[in-house]
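Here the structure comes first, spelled out in structure tokens, and everything after it is commentary.
Protein chains in written order, with my numbering: chain W, 1 to 343; chain X, 344 to 686; chain G, 687 to 1029.
Here it is, written out as structure tokens:
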């Protein structure tokens, strides 16, 4: 596969600085690219690495200087253009429609003729696998589930009964949707299980990372909004609702009945106590501990979560505690020792 | 299925305020319940939501006011009553006894005639699956394991060799019991694996969440006490012993050789360093970091863990650091600037 | 199996204090050992437990006193000697070469005649399983993978396409290597997936714990150096490189493009922000949050990470905040109340 730089520019709505006829055969990292490759500087602070690269062409945002001997493909949003170019150069391999002879499809389950079911996959009773969907090797779909059009369950993904996936979802290996919510009524010191009779529902275009756990609701549903992307090893407690187009990084933990608005971003290992609301567009730093509801568009960090600028000042102040302590001692010395209360 | 309110009251040992003849067809959340449903206010602070609900009947604790047009089912312990009513309305589906023709049962393994083994499950040599137990699709039981009466392995649960489950345990999908403890002897800068020759033992009625990892002991056993409930994505290091009726929330991490007493509760992401003891009834807040042994019944929080009231005061003090810093500066000004030591 | 103590001493290069002819039949913990067993005091501070043990023989480092009636096996590095003795008394069970009849080996895949493939395992197209390697029950190997000589995939391990394992690696149950890196280009508020076209490569003798997730690189490779050991439930983001002989404890999270040098040790739940470098031999305490590059051999702790001694002082200072606050108040009182700024 090879393209002229001008073709690529047209595809992504950009313009060429330099030779529009340059041939691009591959997309490569700055470190490995050669003269017939296009590469990409992901962060402005790494621009020097771009200039040192052997790449014949570079994808850049506006305002970049053109290094000698290199051609530029200039776009407004280079990360987005890069994503589209990667999809062009690395088209997803089509999965052949059909059910592997070793797959178990239980009574009443319906697999669309244009769906793919891999070896040793199990599709539970009355579940539905829609056109273009793929249930890969050893994935398990419980009873009464729906796998929407074009959605993919990677090997070893598990859906408990009644889980519903919209269109274009992707559930990675080892992710488990619909596990029992962690609910007990403690009576005489014993933890009596509260049956969890709800379900998990993913709207369209949701991605769920490796070994992530999303528990089903005790009564209604745990719901993940359209376009939301969840990384690996994330814990989503029962009855949680997550809005549209959120980003949850690795190892985040949401306690039960958390409600996230749209466009929320939580950094790695962030956590929420349950029964609280996080407003639209909130950005939580890695490992933030959200212990009460947060208004829309706040930027927060710390444990407990506070506004980011205040958190940063607090971090500085903590680093100065030694100095503060010295200064208090000095003041006491100048006043003739500690006061009566202390001594 | 429908019951008169009076019947439900009898079952849970409560009393009706209002019409004992009211028909209850389903248990629903406050938001979705209608006149033929019973609903439940899980927390006193949510009582207003109960009054706004369309539920015909409400399950409540003592002292609740009866909203107009609603009937009350009043009990001493509403959460416990709710758990029992859910079990009545949503009985667990029985799993048919028998071994799926695709399951692999290795030589010397014994599956009780009243046990269920699902498709593509693997039961290792000399393992025993007792009456009423279920090894669901694609679960893997190693060699020399015991699955006690009525215990359930959900799809994709894995037991390494020699793991023993008591009666009535539930191991959720992706949980792995008996993995190699993380033990190395570092010699000349290389990490030489210390063979882990112990096992994992679960007493009765233990529940293990999705994708939780419990490592086997290096020599003896990693033991989880009866009635203990462990949430998703929890890490339990080798040689750990956990008492009876403990609760470990999501993403907790216990380092090796931790000893928890009975009735210990640890919030999400809490952690222990190894080789320490946590006394009976200790309650650790979410993300507490337990770095030394803790006496029985302590309530702790923070990193490192301290008594909860002290932790709360400390949190307030940290939030006042800016003010403290200003006050020190002010004192210095009043004394004519910083002392000699500082400049 | 039984050995004379003198034989064991010869094997591990130690010497006997007491009776070299004592028979040792088993290695047991201090609590369970009897007169025909050898036991081991893992930490010097536990020496009293060694003296209280019923073990006939004790493995110890130099300088230990010989308790009455016990024989000592004295070595320079007792943990290393213990590891070797355990391997002697508990040899790994050999896995028979051959492919289980239920395993699926896709076209173009090559399984060495001296490799073992268990029930319901799946080996993807063009993958290679080398001599002495084992792909256990229900493990899934994608396309174009390599499982090097003697490497083991435990039940339910998953390799995405193009993953390469060197020799002598061990991947535990539920671990997933090669999952999609978490990369999106956000455009008009939607998260557009950036195709992840790189791979994961493990050098020789790497061990990966239960349910750990290691994402493949967006372009090049996520690489784990020889001899590195990774515990359970660890998250390794895409494009990360980890040096040789590192130790990552349970629930560590490395964000994308982290670079760890050789011999790095990170305690449980430690985390890194991405795009930073951690030098050779750095030791990070449990839950350290590494937010910028760290020079070689630093010992760090805290959030954000600082040098360990400074962190320990800071912890003490935080615990004294209440006292500092009182002392400030006292100084103000002695100067006749707070200054004008405060009121």
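We put the beta carbon where it would ideally sit given N, CA and C, even for glycine. None of these values were measured; they are calculated from a predicted model.
Helix, strand or coil at residue 695/G [DSSP, three-state]: helix
Anticipated Cβ contact below 8 angstroms, residue 476/X with residue 466/X, distance rounded: That pair is no contact at about 11 angstroms.
Status (buried if at least 16 other CB within 10 Å, exposed otherwise) for residue 183/W: buried
Stretch-stretch touch, CB-based, cutoff 8 angstroms, three pairs: the segment 30-39 of chain W with the segment 9-20 of chain W: no
6 angstroms CB neighbourhood of residue 842/G in its chain, flanking five on each side removed: Listed in chain order, the non-local C-beta contacts of residue 842/G below 6 angstroms within the same chain comprise 824, 859 and 860, local neighbours out to five positions each way being set aside.
Local Cβ density within 10 Å of residue 229/W, reported as buried at 16 or more and exposed below that: By the neighbour-count criterion, in which a residue is buried when 16 or more other Cβ atoms sit within 10 angstroms of its Cβ, residue 229/W is buried.
Contacts around residue 778/G, its chain only, beta-carbon distance under 6 angstroms, and the 5 residues preceding and following it disregarded: none
Which of helix, strand or coil DSSP assigns to residue 269/W: coil
Beta bridge counterpart(s) of residue 328/W as assigned by DSSP: None; residue 328/W has no bridge partner.
Contact set for residue 474/X: own chain, Cβ-Cβ below 7 angstroms, skip 5 residues either direction: 455, 457, 458 and 492.
Chain-ordered neighbours of residue 806/G on chain X, where CB pairs are closer than 8 angstroms: 447, 463, 465 and 481
Proximity test, Cβ basis, 9 angstroms: residue 489/X and chain G: no
First through last residue of the alpha helix (DSSP H) which encompasses residue 39/W: Not the alpha helix (DSSP H): residue 39/W falls in the beta strand (DSSP E), residues 37-40.
Helix, strand or coil at residue 228/W [DSSP, three-state]: coil
For residue 901/G, the nearest candidate out of 924/G, 695/G, 736/G and 930/G (CA to CA): Checking every option, the nearest Cα to that of residue 901/G belongs to 924/G.
Cβ-based burial, residue 241/W [other Cβ within 10 Å; buried from 16]: buried
Cβ-Cβ separation, residue 664/X to residue 314/W (assumed contact under 8 angstroms), whole Å: 6 angstroms
Continuous beta strand (DSSP E) stretch holding residue 258/W: start and end: Taken as a continuous stretch (DSSP letters only), the beta strand (DSSP E) holding residue 258/W covers 258-260.
Residues from the segment 610-633 of chain X in contact with chain W, defined by Cβ distance under 7 angstroms: 611, 612, 629 and 630
Contacts around residue 609/X, its chain only, beta-carbon distance under 6 angstroms, and the 5 residues preceding and following it disregarded: Result list for residue 609/X: 591, 595 and 627, in chain order.
Chain G within 9 angstroms of residue 673/X, Cβ atoms only: yes
Residue nearest to residue 191/W in terms of C-alpha spacing, selected from 569/X, 531/X and 532/X: 569/X
Per-residue DSSP class, three states only, for residue 979/G: coil
Residues that DSSP places opposite residue 201/W in a beta bridge: The partner list for residue 201/W (beta bridge, DSSP) reads 164/W and 223/W.
Close-in-space but distant-in-sequence residues of the same chain around residue 162/W (CB under 6 angstroms, 5 per side omitted): 144 and 199
Closest by C-alpha distance to residue 397/X, when choosing among 408/X, 680/X and 382/X: 382/X
Residue range of the unbroken alpha helix (DSSP H) whose run includes residue 1001/G: Its alpha helix (DSSP H) spans residues 994-1005.
Min CB distance residue 917/G to chain W below 9 angstroms: no
Residue 1009/G classed as buried or exposed, judged by whether at least 16 other C-beta atoms fall within 10 angstroms: Exposed.
Contacting residues, own chain, Cβ-Cβ under 8 angstroms from residue 325/W (five flanking each side not counted): none
Residue 19/W - DSSP class collapsed to helix/strand/coil: coil
Residue burial classification, residue 531/X (beta-carbon count within 10 angstroms, cutoff 16): exposed
9 angstroms Cβ cutoff met for residue 708/G and residue 697/G: no
Pick from 428/X, 438/X, 554/X and 642/X that is closest to residue 514/X, judged by C-alpha positions: 554/X
Residue 872/G at chain W interface by Cβ criterion, 9 angstroms: yes
is_contact[residue 350/X, chain G] using C-beta, thresh 9 angstroms: no
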